[in-house]
Structure formats: structure tokens, C-alpha cells
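Terminal number for the sequence shown in numbering that gives the first Met the number 0: 159, no gaps in between. Where is the CB? At the ideal position from N, CA and C, for every residue including glycine.
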Amino acid sequence: MKRLPMLAASLVVFALNACGGSDGPTGTNGNTNLSDGSMTAAINGTAWRSMKAGDKGSHSGTIYAVVGLNSTYTIALGIAGLTAPGTVNLSLASGNGSNAIVSNTAGGWSTAFNGGSGTITVTTLTANRIAGTFSFDAPAGSGNATGTLQVRNGQFDVTF
Numbered sequence: 000m001k002r003l004p005m006l007a008a009s010l011v012v013f014a015l016n017a018c019g020g021s022d023g024p025t026g027t028n029g030n031t032n033l034s035d036g037s038m039t040a041a042i043n044g045t046a047w048r049s050m051k052a053g054d055k056g057s058h059s060g061t062i063y064a065v066v067g068l069n070s071t072y073t074i075a076l077g078i079a080g081l082t083a084p085g086t087v088n089l090s091l092a093s094g095n096g097s098n099a100i101v102s103n104t105a106g107g108w109s110t111a112f113n114g115g116s117g118t119i120t121v122t123t124l125t126a127n128r129i130a131g132t133f134s135f136d137a138p139a140g141s142g143n144a145t146g147t148l149q150v151r152n153g154q155f156d157v158t159f
């Protein structure tokens with residue numbers, strides 16, 4: 000199934016080059032917080048937080064992409080067929096086109112690879128904002144990536 004890794008790679012390219020992404024406002028104290036447009040998670044038990052300037056959100060029809068990055072990892076969430084808040088499954092077997100990708104200089108991990116699983120729950124969906132939570136297991140699938148990354152307690156809130 001070579002099409003699924005290509006779909007996952009295409010999602011990252013789409014999300015990173017998405018037009019219409021916005022960082023949202025900063026808080027009154029000059030710091031950013033989750034409602035200002037960010038992404039947080041625990042990757043293999045270690046806290047991870049995106050850099051504000053790296054947060055992106057975009058959509059085309061009912062396909063949404065959310066990307067957060069920092070110096071250690073980039074996380075890209077692809078949600079297909081979304082018309083209202085709800086939960087989507089992330090696995091090769093679900094066949095719904097939604098997936099999660101984690102990458103760094105070693106390579107990439109994705110729920111689109113065999114053995115990947117998890118969920119994205121969208122709690123807010125408007126014409127210019129998407130927010131929700133995520134949790135997934137992403138097996139290695141490209142470059143020198145090894146093992147399975149466990150991503151837990153993920154949260155995102157970005158504007159388009």
C-alpha cells in the first residue's frame with residue numbers, strides 16, 4: 000500500500016504550505032496560551048509544545064490540516080470528511096483518510112503506517128477556527144525513524 004505513505008507525506012506538504020494560516024493573538028502578558036493558537040502533547044512521556052510561529056491551520060472543503068512544530072518534532076494532523084465537531088479514528092484500517100504524522104531529522108512516524116492507531120476529537124469548528132484533542136500511536140515509516148511514538152494528551156487550537 001504505497002499510496003498511504005504518499006498520502007501522509009502529501010498532507011505534511013499541504014499543511015506546511017497552507018495558505019490562510021494564522022497565529023492568532025498573543026495573550027495580554029505577552030505569552031501565548033492554548034486559546035491563542037498552539038499545540039501541546041506528550042511524546043513518549045515527554046512534554047512537547049509547538050512554537051507559536053509554527054502553528055498552522057488550513058482547510059479545503061471538508062479536509063482540515065493542523066500543524067505544530069518546535070526544534071524536536073513536527074506534528075501534523077489531517078482530518079478528512081469533517082463537517083461538524085466530532086471524533087475521527089486514526090488507523091490504516093479505518094480507511095477514512097484521516098491521519099497523524101510526527102517527523103524530525105531522523106525521519107517520520109504516522110498512524111497511516113501498519114499498526115498506527117488513535118483519535119482526533121474536534122471540539123470547535125468554525126469558518127476560521129478548529130480546536131480539539133488527540134492521542135495516537137505512530138509507527139516508524141520513513142528515514143531512520145525507529146519504534147512507535149506514543150503521543151498522548153494532545154491539544155490544538157488554531158485559526159485559518
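Here residue 89 carries a coil assignment [DSSP, helix/strand/coil]. For the 8 Å CB-CB criterion, residue 139 and residue 131 do not form a contact. In the DSSP assignment, residue 81 falls outside any beta strand (DSSP E), carrying neither H nor E. For residue 120, the secondary structure class from DSSP, reduced to helix, strand or coil, is strand. As far as DSSP is concerned, residue 60 takes part in no beta bridge.
Per the coordinates, the alpha-carbon of residue 157 lies some 30 Å from the alpha-carbon of residue 143. As far as DSSP is concerned, residue 50 takes part in no beta bridge. Shown here, residue 39 sits in a strand according to DSSP, grouped into three states. Rounded to the nearest angstrom, the gap between the Cα atoms of residue 75 and residue 133 is 11 Å.
In the three-state reduction of the DSSP assignment, residue 137 falls in the strand class, which pools E and B. According to the DSSP secondary-structure assignment, residue 99 is paired through a beta bridge with 76. In the three-state scheme derived from DSSP, where H, G and I count as helix and E and B as strand, residue 109 is classed as strand. Taking the Cβ atoms as the reference, residue 43 lies roughly 17 Å from residue 154, outside the contact range of under 8 Å.
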